[in-house]
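Novice: Its first residue numbered 38, the sequence shown is counted upward by one per residue in the numbering used here.
Here it is, the structure, as structure tokens.
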Amino acid sequence: MPEGRNDVLRVYYDGICPGCRRDRARYERWAGEAGAQVQWCDVTEHQQALRARGVDPQAALLSLHVEEEDGRISEGIDAYILLMRRVSRLRPLAWLIGLPGVKSLLRRGYDAWVRRRLARQGRLP
């Protein structure tokens, strides 16, 4: 993403998850003014909007989803990369986690972690 791009991102995240809420707060702190271009949407409160965009709300619980202004939706590690590129201190990390080998390894770990968290909470079907 080019520097200075101000498109709004809509982030569908698990607002019930304490860790997810902490991550959101940390991101907003680090993002500063750029954080104003991010709309945070709790998956449980925006199920209709997700369905209208062709996203199963359960899939959105299992993996972070980010919608760009043009309607494109990215999920999982790609969604994190979109968010991180907006924060100067996170750009190097966005580049690193986007590397093919790193990205696939992180994806497997992330998916397993989310499934364990939801299972512990009794929220995994």
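Ideal Cβ positions, reconstructed from N, Cα and C, are used throughout, including at glycine.
1. Use the C-beta contact count for E104: other C-beta atoms within 10 angstroms, 16 or more gives buried, fewer gives exposed.
2. Which runs of the beta strand (DSSP E) spanning at least 3 residues fall entirely within the region 47-122, listed in chain order?
3. Mapping DSSP to helix, strand and coil, what is V124?
4. At the level of alpha carbons, what is the spacing between E65 and V139?
5. Got a sec? Which residues, its chain only, sit under 6 Å from E40 by beta carbon, not counting five neighbours each side?
6. Measure from the alpha carbon of E112 to the alpha carbon of each residue in Q158, L87, R153, then state which is nearest.
Specialist: Short version:
1. buried
2. 75-79, 102-104, 110-112
3. coil
4. Going from the Cα of E65 to the Cα of V139 covers about 25 Å.
5. In this prediction, E40 has a pLDDT of 44, which is less than 50 and means its spatial position is unreliable; what the coordinates show is noted afterwards. Correct list: empty, nothing qualifies.
6. L87
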